[in-house]
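Trainee: Chains as they are written, first to last, in my numbering: chain C, 1 to 164; chain A, 1 to 164.
Protein chains: 2
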Amino acid sequence: MTTPQQLEADLGWALLAVLRSYREISEALLAGLPGGPRGYHVLTTAATGEPPSQLALARKLGVDRTVMTYLLDDMEKGGLIERRPDPADRRARRITVTEAGNAALCDVQRALRTAEETLLEPLDPEERPVLRHLLYRLATRADPQRTETTCTEAEKLTGDAPAC
Amino acid sequence: MTTPQQLEADLGWALLAVLRSYREISEALLAGLPGGPRGYHVLTTAATGEPPSQLALARKLGVDRTVMTYLLDDMEKGGLIERRPDPADRRARRITVTEAGNAALCDVQRALRTAEETLLEPLDPEERPVLRHLLYRLATRADPQRTETTCTEAEKLTGDAPAC
DNA sequence: TATTGTTATACTCTATAACTATA
DNA sequence: TATAGTTATAGAGTATAACAATA
Numbered sequence: 001m002t003t004p005q006q007l008e009a010d011l012g013w014a015l016l017a018v019l020r021s022y023r024e025i026s027e028a029l030l031a032g033l034p035g036g037p038r039g040y041h042v043l044t045t046a047a048t049g050e051p052p053s054q055l056a057l058a059r060k061l062g063v064d065r066t067v068m069t070y071l072l073d074d075m076e077k078g079g080l081i082e083r084r085p086d087p088a089d090r091r092a093r094r095i096t097v098t099e100a101g102n103a104a105l106c107d108v109q110r111a112l113r114t115a116e117e118t119l120l121e122p123l124d125p126e127e128r129p130v131l132r133h134l135l136y137r138l139a140t141r142a143d144p145q146r147t148e149t150t151c152t153e154a155e156k157l158t159g160d161a162p163a164c
Numbered sequence: 001m002t003t004p005q006q007l008e009a010d011l012g013w014a015l016l017a018v019l020r021s022y023r024e025i026s027e028a029l030l031a032g033l034p035g036g037p038r039g040y041h042v043l044t045t046a047a048t049g050e051p052p053s054q055l056a057l058a059r060k061l062g063v064d065r066t067v068m069t070y071l072l073d074d075m076e077k078g079g080l081i082e083r084r085p086d087p088a089d090r091r092a093r094r095i096t097v098t099e100a101g102n103a104a105l106c107d108v109q110r111a112l113r114t115a116e117e118t119l120l121e122p123l124d125p126e127e128r129p130v131l132r133h134l135l136y137r138l139a140t141r142a143d144p145q146r147t148e149t150t151c152t153e154a155e156k157l158t159g160d161a162p163a164c
């Protein structure tokens, strides 16, 4: 029979399986959002700090810049983001999140928080933050610039009311 | 500023980022294998226990059965697997791993083991098995039948020599 | 000359539908 | 009638190439 060490050897399989579960439970939540899961990542990235260029967004999400054009087209039509000219470089466009975009982001974030806890339910309550912490440290190692929007932060940037 | 709790909130992002790193470092390893990452998963699944049907494999990998046909075509051409008629159901085919397939599986598994440790290097040595364990428990929750091939087991099944 | 963003095109991947053979 | 597997076709998603504007 296989030992626990051997059972836990296939890290890639485990990662993929967990991500697949995550996608299943979050799919419904993100279905209404223009751009889906990617649209959500664009919102979280664009809502924090300096409005990023399209190219910076594309690199951060790991997609081609042409894909980013189509994605932002949808999100702009949906009223979630705006393309503003970069005063320092007239080739580039800065992606800013609209009020509606911030509202949508907050809604989705709250729903995702619940969905994530559902995903982690098989673990003991004290194990859940451990997994989050370890995963996050690995993830930021791969992308050290990463910072995350919180609802309150997003609202500060737009000068918006609470609601979140 | 964001607190650690807030920073670690986006589980989906962290999972995806880590999986992306994993794919980067394993890409080269799996490039030569017919079927790539999926071919590897087919090998690990088919090398353990009863040779599965194509449909069972498709469900386990989360792909359409037509995709499985093409995937197995490539792997059969590459000499890694064989399609054998199921004696109990002449519609179905049992996928068995050839000797060459087992050898390839062992090679890839050994290389992946190293690659995984590279991925986990940012963590302290005692944290690495913790992450593996937590991820694996979540993953098996989603797919409770999961068992994993070990090289020695695969060799037992084919009556093969060690080499791994 | 290189870079940002857009558009058109081609390619890859995946799913749908129709078929054969079994059950 | 339903299921396992195959094949052909259509669709979605993605990348490549060419372009305009700017650096």
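Yeah, the Cβ is synthetic: ideal placement off N, Cα and C, and Gly gets one too.
Everything numeric in this text was worked out from a predicted model, so none of it was measured.
Taking only beta-carbon atoms, is E116/A less than 8 Å away from chain C?
Mentor: yes
Trainee: Just the Cα atoms here: how many angstroms apart are L72/A and R137/A?
Mentor: 29 Å
Trainee: From the DSSP output, in three-state form, read off R98/C for me.
Mentor: Note on residue identity: the sequence assigns Thr, not Arg, to residue 98/C. Coil.
Trainee: In this structure, what does DSSP give as the bridge partners for E76/A?
Mentor: E76/A pairs with nothing; no bridge assigned.
Trainee: What are the residues in the region 32–46 of chain A lying within 9 Å of chain C by C-beta distance?
Mentor: Against chain C - using a Cβ distance shorter than 9 Å - the residues of the region 32–46 of chain A are P37, Y40, H41 and T44.
Trainee: With distances taken from CA atoms, which of G78/C, G79/C, A56/C and K77/C is nearest M68/C?
Mentor: Closest by alpha carbon: A56/C.
Trainee: Relative to chain A, which residues along the region 11–27 of chain C have a C-beta separation below 9 Å, given in chain order?
Mentor: Flagged, chain order: L11, G12, W13, A14, L15, L16, A17, V18, L19, R20, S21, Y22, R23, E24 and S26.
Trainee: Cutting at 6 Å between CB atoms, please list the residues of its own chain near T96/C, excluding the five before and the five after it.
Mentor: Counting only Cβ-Cβ distances below 6 Å, and skipping sequence neighbours, we find P51, E82 and R84.
Trainee: Just curious, the alpha helix (DSSP H) that E27/A is in, first and last residue?
Mentor: Bounds of the alpha helix (DSSP H) holding E27/A are L11 to L30.
Trainee: Does D165/C come out as helix, strand or coil in the three-state DSSP assignment?
Mentor: Not covered by the structure: residue 165/C. The range shown for chain C is 1 to 164.
Trainee: Answer with buried or exposed for T45/A, where buried requires no fewer than 16 other C-beta atoms within 10 angstroms of its C-beta.
Mentor: buried
Trainee: Could you please give the first and the last residue of the uninterrupted beta strand (DSSP E) stretch that includes P85/C?
Mentor: I81 to D86
Trainee: Do we get a CB-CB distance below 8 Å when we pair V97/C with the residues of chain A?
Mentor: Chain A contact via Cβ: absent.
Trainee: Can you give the Cα-Cα distance for L11/C and L29/A, rounded to whole angstroms?
Mentor: 15 Å
Trainee: What residues of chain A sit near R59/C, judged by a beta carbon separation below 8 Å?
Mentor: Neighbours of R59/C on chain A: none; closest Cβ ~12 Å, over 8 Å.
Trainee: Using a threshold of 8 Å, state whether the C-beta atoms of R113/C and A14/A are closer than that.
Mentor: no
Trainee: Find the residues of chain A that neighbour R65/C, judging by a C-beta separation of less than 9 Å, and give them in chain order.
Mentor: Per Cβ cutoff of 9 Å: no residues; R65/C is ~18 Å from chain A at best.
Trainee: Can you give the Cα-Cα distance for Y22/C and A58/C, rounded to whole angstroms?
Mentor: 23 Å
Trainee: For E40/C, count neighbouring C-beta atoms within 10 Å of its own C-beta (all shown protein chains included) and say buried if the count is 16 or more, exposed if not.
Mentor: The sequence as given places Tyr at residue 40/C; Glu does not occur at that position. Buried, since its Cβ has 16 or more Cβ neighbours within 10 Å.
Trainee: Sort out for me which residues DSSP pairs D89/A with in a bridge.
Mentor: D86/A
Trainee: Would you mind stating whether L43/C and G101/C have Cβ atoms separated by less than 8 Å?
Mentor: yes
Trainee: Note the first and the last residue of the continuous alpha helix (DSSP H) segment covering G39/A.
Mentor: In the DSSP assignment, G39/A falls within the alpha helix (DSSP H) that extends over G36 to A46.
Trainee: How far does the alpha helix (DSSP H) with P123/A in it reach, from first residue to last?
Mentor: According to the sequence shown, residue 123/A is Leu rather than Pro. L123/A -> no alpha helix (DSSP H), and no H or E assigned at all.
Trainee: For P37/A, count the other beta carbons within 10 Å of its own beta carbon; 16 or more makes it buried, fewer makes it exposed. Which is it?
Mentor: In summary, P37/A is buried, with 16 or more beta-carbon neighbours lying within 10 Å of its beta-carbon over all protein chains present.
Trainee: According to the neighbour-count rule (16 or more other Cβ atoms, all chains shown, within 10 Å of its Cβ), is E116/C buried or exposed?
Mentor: So E116/C counts as buried.
Trainee: Taking the CB atoms as reference points, tell me whether V130/A and V18/C lie closer together than 8 Å.
Mentor: no
Trainee: Between R65/A and S53/A, what straight-line distance do the alpha-carbon atoms span, to the nearest angstrom?
Mentor: 10 Å
Trainee: Could you compute how far the alpha carbon of L134/C sits from the alpha carbon of L61/A?
Mentor: 26 Å
Trainee: By Cβ distance below 6 Å, which residues in the same chain neighbour M75/C in space, the five residues on each side in sequence not counted?
Mentor: The residues are P34, G35, G39 and I81.
Trainee: Shorter than 8 Å from the beta carbon of E127/A to some beta carbon of chain C?
Mentor: yes
Trainee: Considering Cα atoms alone, identify which of R94/C, R90/C, L119/C and V63/C is closest to A47/C.
Mentor: R94/C
Trainee: Using a Cβ-Cβ cut-off of 8 Å (strictly less than) and excluding sequence neighbours within five positions of S26/C, which residues of its own chain qualify?
Mentor: P37, L112 and A115
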